[in-house]
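1 is the number of the first residue of the sequence shown in full-length UniProt numbering; add one for each residue after it.
Note that CB positions come from ideal geometry on N, CA and C, so glycine has one too.
Since the structure is predicted, the reported quantities are computational estimates derived from the model, not experimental observations.
These notes concern the structure reproduced below.
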Amino acid sequence: MALPVRSVISGSIFLGDCCHARLYSFAAPSVLYRRTQYKASTTKMASANAQGRPKTIDSHLHIWASPQEAADKYPYFPGQEPTLPGHLDFLLQCMEEASVEGALIVQPINHKFDHSLVTSVLKKHPTKFVGCCLANPAENGTGVKQLEDLILKDGYRAVRFNPYLWPSGQQMTNEVGKAMFSRAGELGVPVGFMCMKGLNLHISEITELCTEFPSTAVLLDHLAFCKPPL
1 MALPVRSVIS GSIFLGDCCH ARLYSFAAPS VLYRRTQYKA STTKMASANA QGRPKTIDSH
61 LHIWASPQEA ADKYPYFPGQ EPTLPGHLDF LLQCMEEASV EGALIVQPIN HKFDHSLVTS
121 VLKKHPTKFV GCCLANPAEN GTGVKQLEDL ILKDGYRAVR FNPYLWPSGQ QMTNEVGKAM
181 FSRAGELGVP VGFMCMKGLN LHISEITELC TEFPSTAVLL DHLAFCKPPL
């Protein structure tokens with residue numbers, strides 16, 4: 001289960017859990033999110049729950065195209081071809097078997113910045129899924145407009161920052177990174193950091209962003225990849 005962390009750094013922090021753990025609500029403590037800005041998605045996902053029974057929600061998963069879908073419409077990013085099935089029908093089957101009623105879908109690296117597959121799934125199942133897009137830190141700044149479109153037009157409710165997608169030698173605190181982080185806060189969506197090689201390598205960047213833009217809520221994906229002492 002995800003663990004809320006209050007005011008660890010200037011700004012709001014949410015320590016996200018690892019893939020495929022179950023949560024029972026998308027609503028977070030008021031210190032973390034502006035409830036009014038997250039309300040639309042959570043209300044839609046709860047609307048089918050007429051009896052008031054808590055829904056079982058997978059808080060973090062990925063989907064990608066089947067080989068046939070990739071050939072026809074949703075190509076994989078070169079070098080990121082999956083080795084396991086992860087298409088929509090397979091996900092729906094697994095969810096039914098496990099009695100999971102909804103999920104947050106995070107844009108997968110298999111399609112990198114092409115969000116067309118995930119967007120199509122969100123539009124097909126608006127009461128079942130919520131989307132987290134992937135920030136594009138291209139040096140030309142096109143990622144800022146893409147971020148806006150994904151949130152405002154396609155309804156994504158969070159954005160992932162992967163520091164290893166930034167251009168070589170640059171950090172998430174560069175001009176593009178700050179523009180995207182700031183805009184996410186203005187639009188009321190949290191930014192999730194995926195520090196795969198360890199939180200200590202990027203904590204100074206996260207601290208700087210949170211200090212400069214304290215209204216942007218933050219998620220630390222995969223429990224910040226912390227390894228407890230054995």
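Query                                                                                                                      : Result
Under 8 Å between C-beta atoms of L147 and C132                                                                            : no
Rounded straight-line distance, which links the Cα of L230 to that of Y124                                                 : It should be pointed out that residue 124 corresponds to Lys in this sequence rather than to Tyr. K124 and L230: Cα-Cα distance of roughly 45 Å.
Residue-chain proximity (V144, chain D), Cβ-Cβ < 8 Å                                                                       : The question asks about chain D, but that chain is absent: this structure has only one protein chain.
Euclidean distance between Cα positions of V144 and N174                                                                   : 13 Å
Own chain partners of W166 with C-beta closer than 8 Å, once the 5 adjacent residues on each side are dropped              : P137, M172, N174 and G177
Beta-bridge pairing of R160 - partner residues as DSSP gives them                                                          : L134 and G192
Range of the contiguous beta strand (DSSP E) that encloses D58                                                             : I57 to L61
Backbone CA spacing between D221 and P82 [nearest angstrom]                                                                : 21 Å
Chain-order list of residues whose beta-carbon lies under 8 Å from that of L122 (same chain, five-residue window excluded) : I105, F129, V130, G131, D154, G155 and Y156
Length of the line joining the Cα atoms of G185 and P54                                                                    : 29 Å
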